[in-house]
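Report on the following structure.
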Amino acid sequence: MTQSNNKVALVTGAGAGIGRAAAKALLQGGYQVVLTGRNLEKLQKAISDIGGNENNCLAVACDVGNPEQVKNLFAATKAKFGRIDVLFNNAGLGAPAIPMEDLTYEQWMNVVNTNLCGAFLCSQEAIRMMKAQSPQGGRIINNGSISAHAPRPMSAPYTATKHAISGLTKTIALDGRPFNIACGQIDIGNAATEMTERMAAGIIQADQSIKVEPRMDVDHVGQAVLHMAQLPLESNILNMTIMATKMPFVGRG
Numbered sequence: 001m002t003q004s005n006n007k008v009a010l011v012t013g014a015g016a017g018i019g020r021a022a023a024k025a026l027l028q029g030g031y032q033v034v035l036t037g038r039n040l041e042k043l044q045k046a047i048s049d050i051g052g053n054e055n056n057c058l059a060v061a062c063d064v065g066n067p068e069q070v071k072n073l074f075a076a077t078k079a080k081f082g083r084i085d086v087l088f089n090n091a092g093l094g095a096p097a098i099p100m101e102d103l104t105y106e107q108w109m110n111v112v113n114t115n116l117c118g119a120f121l122c123s124q125e126a127i128r129m130m131k132a133q134s135p136q137g138g139r140i141i142n143n144g145s146i147s148a149h150a151p152r153p154m155s156a157p158y159t160a161t162k163h164a165i166s167g168l169t170k171t172i173a174l175d176g177r178p179f180n181i182a183c184g185q186i187d188i189g190n191a192a193t194e195m196t197e198r199m200a201a202g203i204i205q206a207d208q209s210i211k212v213e214p215r216m217d218v219d220h221v222g223q224a225v226l227h228m229a230q231l232p233l234e235s236n237i238l239n240m241t242i243m244a245t246k247m248p249f250v251g252r253g
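If you read the sequence shown in this note's numbering, its first letter stands for residue 1, the second for the next number, and so on.
Dropping the structure here:
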C-alpha cells in the first residue's frame, strides 16, 4: 500500500488501547494524525509513545458526547492541517456488569452519549468538512465491536449502542455516496488493552461460568484500521471483524 503523505486522520479515544494503536499505525502509514480523548496529558504521552511530533500530530482534549467540544475539535483539526481524510470513531465505554434493572439512567446515558452520540456528532462534523474540502470526500471508520453482533451477559447499554453503530455506519455509507464519502465498521474482539484485562483474569460467560478468554495483540487492530483507511475511495470495507482466533464467539460459545 502506498504512503498517505499529507492525508489527515482523526482518532477518538486515542489516549490508550485501540485508539493509540490505530493512531500509531496511521502515523507510520504516512498520515498526519489528530488524537483526541478527555485527558490531554494521556494524549500527549501517546504522541510521544508512537513517535509523533508537533508537525505530524495534534492532541485535542474533547468529550465526544459534547456538541460544542466536538465543533472545537474539528475547528482545531482544520486550523492545523486544513482538511480531514479519515475519521476513526473509536471512543467508547461500558457500564458496570450488573442486571439491567439495576442500572441507573445516568449509567445508561453515559454509555449512549459517548458510544453513540459521540460517533454521530464526530461524523456530522467530519461530513461537513469532507463535503466542503478539495478534493472532496473522505472515509469514516466506526468501531462496532463484537457486541454489534452478540452481547455479553449484563451489557445492555454497550450492546445497544454498538448495534446502533451498525445502523449509523450503513446510513453514512449510503448518504455519503454523492460526496465521495465512504464509511465502514470494524468489529473487534478481545484486543489486549487495559479494557480487556478482566478477560485475562476470567470473565462471565453465557452459561454463567467464569472463563479466561484468549486475547490478541492490539497492534493487529491498528494495522487493520490502516488497511481500511488506505483503500482508494472507490472501494470500501463495509464490515470487518478482527478477533482473537480462539475467543468464544463463533459456534455455541
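Built from N, CA and C at the ideal position, the CB exists for glycine as well.
{"Query": "Leaving out five residues before and five after A22 in sequence, what residues of the same chain have Cβ atoms less than 8 Å from its Cβ?", "Result": "V11, A14, F88, N90, V221, G222, V225 and L226"}
{"Query": "Whole angstroms is fine: what's the gap from A182's alpha carbon to A191's?", "Result": "25 Å"}
{"Query": "Given K211, which residues of its chain have a CB within under 8 Å of its CB, disregarding the five upstream and five downstream residues?", "Result": "G202, I203, Q205 and P248"}
{"Query": "Go through the segment 39-110 residue by residue and report every complete run of the beta strand (DSSP E) that reaches 3 residues or more, in order.", "Result": "57-61 and 86-89"}
{"Query": "CA-CA distance, R198 and V34?", "Result": "29 Å"}
{"Query": "Would you call the segment 52-68 and the segment 229-238 in contact, with 3 or more CB pairs under 8 Å?", "Result": "no"}
{"Query": "Count the CB pairs spanning the segment 92-109 and the segment 146-157 that are closer than 8 Å, and state whether there are at least three.", "Result": "yes"}
{"Query": "Alpha carbon to alpha carbon, how far is Q230 from T2? Give it in angstroms, no decimals.", "Result": "For T2, the predicted model reports a pLDDT of 42, less than 50, meaning its position is unreliable and no value from the coordinates is stated."}
{"Query": "With burial defined as no fewer than 16 other Cβ atoms inside 10 Å of the residue's Cβ, what is the status of L168: buried or exposed?", "Result": "buried"}
{"Query": "M1 by DSSP, collapsed to three states: which one?", "Result": "Residue confidence is low: M1 scores 41 on pLDDT, short of 50, so the model does not pin down where it sits. No coordinate-derived value is stated."}
{"Query": "So who's on the other strand from L10, going by DSSP bridges?", "Result": "V34 and L87"}
{"Query": "Could you tell me which of I242, Q208, N39 and S209 sits nearest to D217, measuring between CA atoms?", "Result": "I242"}
{"Query": "According to DSSP, is M154 helix, strand or coil?", "Result": "coil"}
{"Query": "Out of T193, E101, R177 and N39, point me to the one whose CA is closest to I18's CA.", "Result": "T193"}
{"Query": "For chain D, check one thing: does any of its Cβ atoms lie closer than 9 Å to the Cβ of N89?", "Result": "The chain labelled as chain D is not found in the depicted structure, where only one protein chain is given."}
{"Query": "Rounded to the nearest angstrom, what separates T255 and N39 at their Cα positions?", "Result": "Because the chain is modelled from 1 through 253, residue 255 falls outside the range shown and cannot be assessed."}
{"Query": "Where does L73 land, buried or exposed, given buried means 16+ other C-beta within 10 angstroms?", "Result": "buried"}
{"Query": "Going by CA-CA distance only, name the one from F179, G37, R128 and M195 that's closest to N75.", "Result": "Here residue 75 is Ala; the residue named in the question, Asn, does not match the sequence. The residue with the shortest Cα to Cα distance from A75 is R128."}
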